[in-house]
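Protein chains in written order, with my numbering: chain A, 1 to 360; chain B, 1001 to 1499. Read the structure below first, then the notes.
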Amino acid sequence: MKREGEVRIPAGCAIAAIFSKDGHLVDGSRIITMIQTMHERSNGLGGGFVGYDIYPEYQDDYAIHMFFDDLTAKRTFESELFDKFKVFKYEEIPTRQNPGVVSSPLIWRYFVLPLEQRTMKEEENFMVATMLDINERIEGAYCFSMGKNMGVFKGVGYPEDLGDFYMLEKYQATCWIAHGRYPTNTPGWWGGAHPFSLLDMALVHNGEISSYDTNRKMLEMVGYKCSLQTDTEAIAYMIDDLTRHHGFTLEECAHILAAPFWSEIEKMEDGQKNYYTYLRKNFADYLICGPFSIIVGFKDGIMALNDRCKLRSLVMAENESTLYLASEESAIRALKEDVDKISCIRASEAVIYKRGEKHA
Amino acid sequence: MRNIYALNEYEVLRSDRCDTCGVCVKQCGYGVHYFDENHRLCVDEMKCVNCQRCVVFCHAHALKIIRNRNEMHHNDYWSERERKEIYKQATQSGILLSSMGSSQKQKCYFDHLMLNASQVTNPSIDPLREPMETKVFLGKKTRDVSRDENGKLILKDEAYLKLDVPILFSAMSLGAISYPAHKSILEAAKECNTYYNAGEGGLHPDFFKDKEHVIVQVASGRFGIEKKVLDACAAVEIKIGQGAKPGIGGHLPSNKNTEIVAKTRMIQQGSEAISPAPHHDIYSIEDLHQLVMLIKEATHYTKPVIVKVAAVHNISAITSGIARSGADIICIDGYRGGSGAAPTRIRDHVGIPIELAIASVDERLREEGLRDQVSLIASGGIRNSADVVKAIALGADAVSIGTAALVALGCHLCQNCHSGICNWGIATQREDLCARLNPQIGKQALVNLIRSWTYEIREIMGGMGINSIESLKGNRLMLAAVDLNEKECEILKVRYAGE
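What follows is the structure in structure tokens.
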């Protein structure tokens, strides 16, 4: 059987998120309730979560989450890590036995800072390059989370079982995002599950994009390596490239990834028309075709985006303090929260929240 | 020496339905049909090129043209064609001439590539219900984002071409083809919102007003190039070579150099119009850079510069050099590309298939990080909408069509353009023959063709779940190889069907 990355595996999914608008903390049991409600949308072959602001005592350090196939991989990784980083703490990520989660790898976390001083931008580039290089090079070692004060928890199994396995009820977060996977093949590899994360950005995705090869080739030209061959990886790299390298805002990023149709652009007034024409002409190979709904988490914020034809479900609801997002309304209803009406996210219209800012 | 071995290539069969109305006599510019002194309708089969004009125009459907049934001694190696060409050269001496693209049976890679469609995991999109976008931009992409002091994006951009369909019309000169053929193509380009390419013979003054849809060519003969012409176009193409005759120049015979052709080319009427093999100011890549910049200076950086080259063995290195020389668009013409006249041996044996060229060029430009600096137009043997889709999935931004456009105008591919006699009024400058092509009707035929192909492209894209043609560019997951070997798949970067 080929592993994720050696073969391209289409997958359907469930996604959900809880975002605290005022910064209050929510424990992990809530997001498990949401994703568990959509059990039917997963098939037990992958699930995962990301929580933000979960490591307040190490908030300034990069929290590296690692999977190891064996101790040799762990030793190789650690000898490299200790050479390049100051490691403040490292430990096995606490887990409990769950009958639905079997054959887990070794799962460790490291709170680190690079030894060498760099500018913020250079440091971020260094982090991304180092971790992607480790994934590429060290057999049996895989970094699946590297942001500050946030962490990804994922694996093979139903998401609610994985949530229990990782004891997420013990974590307090300002934002939770979850994913349940329905792959068409049996990848059987923990690294392939969602969320896919890069620095403090984490992404879950439901869909199968038909522009994958066009997007991939552009990404590889600018220096990314799409080693997992998943849509999620490609979308995450595109967002990373557009925001970090080109300096686009998330709004602009959404206008590129799910650009309005020409038929709509032609009806706009000149300023808008020129803006969208500029983006579409110059960033055409970042356009995503085919069905997708994505939720992107980042420091103090969240973005939800649907494809241009609304080919995947994604609904939202909110109240004074919290924003909820889910593939299905049932997931939000299950929380029995007092929320305003539940509404559909419209095709290609990004929902973006930044804590401390009015929503766009 | 007279070629005593020459036989008529075709037999002209006339049934008893013929009422001797004489339309065939009037229609045949070659003089195949004629009335003898007793007003009997006769045929001179030696002159027939099988252009089908008389067959189409015979109201009684009394005519049939078939290949000469006479069989030479059978030999699979020394084919009749080989022997006839030797007889011709042995008796008349000279370079064999042909017209249009290679008629040889060679492997066509398009026919070995199957297209993908969505099933279950990803819905197909219905082009009748959802927008399906075929708009394409050609030119450099601006990837350096800059902002003003308020943080607003500065929408500064390079010059580019904007097409509603990923199909342009190929360069064909006034001289090679007629004025009404040019007018038909230009009018169709306007209607379909794409581009007409005037070819190397200059731009006729009648067309100056339509500059938004005109590409003019700077070729080695520099015919008809002046500031006025550079101002009357949307883009300038430097023609280094063409697929039908890579590495050699052009020759418009004096009989095709009529008044209108001569004026447009700014040369003396009735002279032999020779384009040298190379540009004598481009002996290397750095010279190309200078010409590109010269044209950009002359047009104040308002127009993209296209460089057209034939697909030859080292095409990926060549295009990578061109991309570094300031060109905005590269047109690659495969060995099936047409010509008004080309030496047969060159046409049939020089160059490489466009499918392999596009695939390797796209790959190389990406490896070099240059792919967003230049757009690619693929040409040379694009026959239908499926070829267009495949060329784009292999890495082209757009394609251009020449032969297909001429066929839409009525061309029957007798491949005798170099004679200057074209009964369809296309590849001729004879006034009586030119008058046969009505530009209004010609335009409509081309518009119909482009629209039909566009509908088909939209259907194919919808099936793939792709609603913007730009997401098809280089998307080789949409292609699967059938009956190709491993090396071919490797160059095309296409997986085998079922893999």
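The C-beta atom is built at its ideal place from N, Cα and C for all residues, glycine as well. Just so it is clear, the structure is predicted and the values come from calculations on it, not from any experiment.
{"query": "State the DSSP-derived secondary structure class of A/Q229, mapped to helix, strand or coil.", "result": "coil"}
{"query": "Rounded to the nearest angstrom, how far is the Cβ of B/S1468 from that of A/C253, given a contact under 8 Å?", "result": "Contact doesn't hold; Cβ gap of about 17 Å is too wide."}
{"query": "How many Å lie between B/A1357 and B/K1228 at the Cα?", "result": "35 Å"}
{"query": "Would you tell me roughly how many angstroms separate the C-alpha atoms of A/I209 and A/M221, rounded to the nearest one?", "result": "19 Å"}
{"query": "Can you tell me whether DSSP reads B/E1272 as helix, strand or coil?", "result": "coil"}
{"query": "Can you tell me whether B/E1037 is helix, strand or coil according to DSSP?", "result": "coil"}
{"query": "For chain B, is any of its Cβ atoms less than 8 Å away from the one on A/S210?", "result": "yes"}
{"query": "Less than 7 Å between C-beta atoms, sequence neighbours within five positions excluded: which residues of the same chain meet that for B/T1454?", "result": "T1134 and V1165"}
{"query": "Out of curiosity, what's the CA-to-CA distance linking B/R1143 and A/A129?", "result": "22 Å"}
{"query": "Give the residues of chain B in contact with A/D213, contact being defined as C-beta atoms less than 8 Å apart.", "result": "G1474, N1475, R1476, L1477 and M1478"}
{"query": "If you reduce the DSSP assignment to three classes, tell me which class A/K21 lands in.", "result": "coil"}
{"query": "Is the CB of A/C309 under 8 Å away from at least one CB in chain B?", "result": "yes"}
{"query": "Residues bridged to B/Q1217 by DSSP?", "result": "B/E1237"}
{"query": "Quick one: is B/E1499 near chain A, going by C-beta distance under 8 Å?", "result": "no"}
{"query": "Can you check whether the C-beta of A/H246 is within less than 8 Å of a C-beta belonging to chain B?", "result": "yes"}
{"query": "Between B/T1302 and chain A, is the shortest Cβ-Cβ distance under 8 Å, so that the two count as touching?", "result": "no"}
{"query": "How long is the line joining the alpha carbons of B/I1306 and B/Y1335, rounded to whole angstroms?", "result": "19 Å"}
{"query": "Which of the three DSSP states is assigned to A/G48 in this structure?", "result": "strand"}
{"query": "Look at the alpha carbon of B/M1100 and the alpha carbon of B/H1039, and state the distance between them as a whole number of angstroms.", "result": "37 Å"}
{"query": "Can you give me the C-alpha to C-alpha distance between A/K121 and A/I239, rounded to a whole angstrom?", "result": "16 Å"}
{"query": "Give a yes or no on whether the C-beta atoms belonging to B/G1139 and B/P1304 are separated by under 8 Å.", "result": "yes"}
{"query": "Quickly, what does DSSP pair A/I295 with across the bridge? List them, please.", "result": "A/V204 and A/A304"}
{"query": "Cutting at 8 Å between CB atoms, please list the residues of its own chain near B/E1011, excluding the five before and the five after it.", "result": "E1045, I1065, I1066, R1067, N1068 and R1069"}
{"query": "Residues of chain A with CB closer than 8 Å to the CB of B/V1145, please, in chain order.", "result": "H246, G247 and F248"}
{"query": "Might you give, ordered along the chain, the residues of its own chain that have their beta carbon closer than 8 Å to the beta carbon of B/Y1089, omitting 5 neighbours on each side?", "result": "The residue you asked about is not Tyr; residue 1089 of chain B is Gln in the sequence shown. The residues are L1096."}
{"query": "Beta-carbon within less than 8 Å of B/A1386's beta-carbon, same chain only, minus the 5 sequence neighbours each way: which residues are those?", "result": "F1110, L1115, E1456 and I1460"}
{"query": "For B/N1053, which residues from the same chain have a beta carbon less than 7 Å from its beta carbon, with the 5 sequence-adjacent residues on both sides left out?", "result": "A quick correction: the sequence has Arg, not Asn, at residue 1053 of chain B. Counting only Cβ-Cβ distances below 7 Å, and skipping sequence neighbours, we find Q1027, C1028, N1423 and W1424."}
{"query": "Strictly under 8 Å for the Cβ-Cβ distance: is B/E1133 near chain A by that measure?", "result": "yes"}
{"query": "Who are the near neighbours of B/R1505 in its chain, counting only those whose CB is closer than 7 Å to its CB and skipping five residues on each side?", "result": "The question about residue 1505 of chain B has no answer here: the residues shown for chain B are numbered 1001 through 1499."}
{"query": "What whole-angstrom Cβ distance do B/P1127 and B/K1245 have, given they're in contact under 8 Å?", "result": "Contact doesn't hold; Cβ gap of about 39 Å is too wide."}
{"query": "Verify whether the separation of the beta carbon atoms of A/A234 and A/L219 is less than 8 Å.", "result": "yes"}
{"query": "In chain order, what residues of the same chain lie with their CB nearer than 7 Å to the CB of B/H1061, ignoring the 5 residues before and after it?", "result": "R1017"}
{"query": "Given a cut-off of 8 Å, decide if B/L1376 and B/L1113 are closer than it, judged by their beta-carbon atoms.", "result": "no"}
{"query": "If you follow the beta strand (DSSP E) that A/E92 is part of, which residue opens it and which one closes it?", "result": "F85 to E92"}
{"query": "Assess, as a yes-or-no matter, whether the region 136-149 of chain A is touched by the region 26-43 of chain A under the definition of 3 or more beta carbon pairs within less than 8 Å.", "result": "no"}
{"query": "At a CB distance below 8 Å, what residues from the region 282-304 of chain A approach chain B? Give them in sequence order.", "result": "N282, F283, A284, D285, L287, I288, C289, G290 and P291"}
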